[in-house]
Amino acid sequence: MGYEFKDGLEFAKKLDKLDKLHHIRERFYLNEGEIYMDGNSLGLSSKDAEEALLNIFNVWRKEAIKIWGVENGRYFNFSKNISEKFKNLINADADEIIVMGSITTNIHQALATFYKPTKEKYKIIVDELNFPTDIYATKSIIELKGYEVEDVLIVVKSRDGRTISEEDIISKMDDDVALILLPSVLYRSAQLLDMELLTREAHKREIIIGWDLAHSIGSVPHDFKKIDPDFAVWCSYKYLNAGPGATAGMYINRRHFNKSAGLKGWFGNKDESQFLLNHDFDQDKDANGWLLGTHNMFSMAPLDGVLNIFNEVGIENIRAKSLHITAYLMYLIDNKLSKYGYSIGNPREDHRRGGHICLEHDEAYRISLALRDNKVIPDYREPNVIRLAPVALYVSYEESYHLVEILEKIVRDKEFEKYSLKRVTVL
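Under our numbering, residues 753 to 1179 are what the sequence shown spells out, in order.
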């Protein structure tokens, strides 16, 4: 890594002065006195997103049904227009990207399209640390195909409860495997998998492989021209800051454009024949053939707005800041918090970690409650992890320094002891 850090508030302030992205935080709505470290679960609202949402409301208010034809069909083709703004984040062609639905529905769409089991090739590889919705969707498609889950699903186990070994994944790529679905970054430990290696190994064995980018899109640049996956899905409400429940995204490698969409809907029909209203599906020629229903305009507009920031700043610059500020936070944890029972559970190497820190402590749950009363917003994951995301676009080095001071105070003064161990629903 080669980073050189010093302790002390003045050094943190110096880093903020040197930060080329520091001014971007002015475009986000930050609560005064609050340190927001939960952008890996729900990103903050921005003025760009707000303006885009209000704009589309005003267009609807003025134009009503005519909204579909104004501005050269901008809103009728809203997914295509937003895809143009997405392409630099993953280095893909815009016609390989669609904006629709939720990450879960998009997983269902991908699996319905790409999981074509045969007698010889019918198994699916997943990992035991992936987010539950990916596993629910995978089990669902297995059952819909008439198989028993235990006969089809191969679950790669973790050696340490935090990370997944690429070697272990490759070792499961036998001749009977048809498809692999993996996360780019593990939500619990922030491990960044070697996507290029795993995709190459899968393709050597004629296995379809897809990636869930939920915890990397907007934080980690991806080069899909180089990685060459078959498909990918992502949500837009974490590092992309598009709002709660914002419309998700999907990538279909252009070599699969000749495939029939597993799930069909009328926006996947070619534009020129869509309003002929035929009952025979005339699938669009590119990734847009996988679109389903009418666009969720109010869920897409904030994404359309905030992506302007990403294209203005550049995902490589965002990644550089993210790696630097997470390294700084790890330095402070090592030097100031280890004596209080805190430890770091994420990989430390730049090429192996995403955009958040996994802080572990035996009292992590109660500490996370105490953090909120100290105006710090983290999130907690069982059994002992406080996830901290110093998001590059709006978290400062000074805030990171104050965060560590608060974490020290909570354990030193035993503030956490006044909180119950009883779990609440959302934290």
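Yeah, the Cβ is synthetic: ideal placement off N, Cα and C, and Gly gets one too.
Nearest residue (CA-CA) to L745, options L896, A984, F866: An answer regarding residue 745 cannot be provided, because it is not within the stretch 753 to 1179 covered by the chain.
In chain order, each alpha helix (DSSP H) run of at least 4 residues that lies wholly inside the region 961-985: 976-979
Helix, strand or coil at R957 [DSSP, three-state]: coil
For V901, the three-state DSSP class (helix, strand or coil): helix
CA nearest to the CA of S1152, picked from L770, H774, I787, D771: I787
For S941 and R914, believed in contact at Cβ under 8 Å, the rounded distance: 4 Å
CA-to-CA distance, Y781 to L1145, given in whole angstroms: 12 Å
Terminal residues of the alpha helix (DSSP H) in which A998 lies: From DSSP, A998 is part of no alpha helix (DSSP H); its letter is neither H nor E.
Whole-number beta carbon distance between V1156 and K1088, since they are thought to touch under 8 Å: 5 Å
Between the CA atoms of A1013 and N833 - distance to the nearest angstrom: 21 Å
Residues of its chain near R826, where Cβ-Cβ distance is below 7 Å and the 5 sequence neighbours each way are ignored: N833
Where the alpha helix (DSSP H) containing L805 begins and where it ends: 799-815
Helix, strand or coil at S1025 [DSSP, three-state]: helix
In DSSP terms, what Q1264 is bridged to: The question about residue 1264 has no answer here: the residues shown for the chain are numbered 753 through 1179.
Three or more C-beta pairs below 8 Å linking the region 895-908 and the region 1056-1069: no
Rounded straight-line distance, which links the Cα of H1047 to that of R993: The residue you asked about is not Arg; residue 993 is Asn in the sequence shown. Roughly 19 Å between the two C-alpha positions.
Proximity test, K1166 beta-carbon vs the ligand ATP heavy atom, cut-off 7 Å: By its list of ligands, the structure shown contains no ligand whatsoever, and the ligand ATP lies outside what it can speak to.
Whole-angstrom distance between V985 and T857, CA atom to CA atom: 10 Å
G1017 vs G1045 beta-carbon contact at 8 Å: yes
Option nearest A1072 by Cα separation, candidates I850, F1050, R1105: R1105
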